[in-house]
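Quick note: my numbering has the sequence shown finishing at residue 830, numbered continuously throughout.
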Amino acid sequence: MQIQGKYKGKLLCFKDSYAIISTKLERFPEMFHLTSGEKEVFPYNYYTEELVNTTKVGNIDDAMNHVKDIEAFNENIEKIEDCKIDDEHFDMEVYSSFYCGQDVRILRDGFLKFRNDLMTEFEIDAYDYVSISSISNKLFEKRVYWKNGNLFDLAGKPREYISKCIQGGRCMLAENKKQYNEGELITDFDAVSLYPSAIARLYCLEGIPKVMTE
């Protein structure tokens with residue numbers, strides 16, 4: 617979920633932002649109240665390998681058949697500098713550069729807003745973690761585990777021994793019977809957050825592991 621490397625004496629770190637904010641980029645502006653604008657429309661299916669590698673000149677009418685928001689697409693062609701060639705054609709490379717730049721701006725602004733909120737509310741820096749799960753675990757450590765005073769990290773032999781109690785997930789069918797439904801919709805009920813649900817209903821084992829002499 618992240619990789620590091622050096623370039624011209626500088627350490628660069630690339631992270632998978634989706635592992636921390638697992639939602640579509642188009643939801644960022646509304647979710648984080650961004651002022652960087654909306655995610656732009658892009659005619660993905662129109663950008664064929666042949667067009668991109670040859671003239672890079674697109675037909676506006678043909679491209680409009682591949683977007684949902686035709687009005688926004690036309691407005692972009694008009695406002696993007698050097699994008700509109702004439703009344704019928706546009707520069708595909710210029711348009712794609714604008715589109716990619718807007719995506720990067722929205723992702724950056726959204727992530728920075730998320731990071732700032734985390735630091736303000738929980739004193740946790742998203743830059744120090746690779747996933748939302750690791751961030752959640754750190755929050756549990758600060759506000760539940762260490763605050764309890766009688767919970768400890770496990771390592772070595774105690775951890776190896778207790779890990780034998782861990783069981784994998786379970787997939788079940790109704791009444792444990794095999795089913796074959798052709799042409800019918802099947803509802804998939806996938807339970808989530810089972811661990812925190814169990815912790816809320818039951819309890820956490822506390823204290824230091826005791827040595828077994830027998």
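Don't be surprised by glycine CBs; every beta carbon is placed ideally from N, CA and C.
Phe756 versus Glu665: straight-line alpha-carbon distance, rounded: Looking at the backbone, the Cα of Phe756 and that of Glu665 are separated by about 49 Å.
Whether Asn692 touches Phe714 by CB criterion (8 Å): Cβ atoms of Asn692 and Phe714: closer than 8 Å.
One or two residues paired with Asp707 in a DSSP bridge: Val673, per the DSSP bridge assignment.
Environment of Glu687 [buried if 16+ CB atoms lie within 10 Å]: So Glu687 counts as exposed.
Beta-carbon contacts of Lys622 that lie in its chain and below 8 Å, excluding the five residues immediately before and after: Here the set comprises Leu628.
Own chain, CB closer than 6 Å to Pro659, minus 5 neighbours either side, in chain order: In the same chain as Pro659, and ignoring 5 residues on each side of it, the C-beta atoms closer than 6 Å to its own belong to Ala679, His682, Val683, in chain order.
Start and end residues, beta strand (DSSP E) containing Tyr623: Note, Tyr623: beta strand (DSSP E), 618 to 623.
Of the listed residues Met617, Ile824, Asn675, nearest to Leu767 (C-alpha basis): Among Met617, Ile824, Asn675, the Cα nearest to that of Leu767 belongs to Ile824.
Reduced DSSP secondary structure (H/G/I, E/B, other) of Phe658: In the structure shown, Phe658 sits in coil (DSSP, three-state: anything other than H, G, I, E or B).
Residues near Tyr662 by beta carbon distance below 6 Å, same chain, minus five either side: Excluding residues within five positions, the ones whose Cβ falls inside 6 Å are Ala679, His682.
Beta-carbon proximity check, Ile636 vs Ile748, cutoff 8 Å: Yes, Cβ-Cβ distance for Ile636 and Ile748 is below 8 Å.
Separation of Asn675 from Lys626, as counted between CA atoms: Between Lys626 and Asn675, the C-alpha separation is close to 43 Å.
Endpoints, alpha helix (DSSP H) assigned at Phe644: For Phe644, the enclosing alpha helix (DSSP H) starts and ends at 644 to 648.
Nearest candidate by alpha-carbon position, reference Ile782, set Ser633, Tyr811, Lys758, Glu737: Looking only at Ser633, Tyr811, Lys758, Glu737, the smallest Cα-Cα distance to Ile782 is reached by Tyr811.
Residue burial classification, Ala742 (beta-carbon count within 10 angstroms, cutoff 16): Ala742 should be labelled buried.
Length at least 4, wholly inside the stretch 740 to 812: the alpha helix (DSSP H) runs in chain order: You should have 748 to 756, 772 to 778.
Between the CA atoms of Ala816 and Glu791 - distance to the nearest angstrom: So the alpha carbons of these two residues sit roughly 28 Å apart.
Span separating the alpha-carbon of Glu694 from that of Cys716: Straight-line Cα distance between these residues: approximately 17 Å.
Identified DSSP bridge partners for Lys626: In the DSSP output, where bridge partners are listed per residue, Lys626 has Tyr623.
Distance between Gly784 and Asp806 (C-alpha atoms, nearest Å): Each residue's Cα considered, the two are about 15 Å apart.
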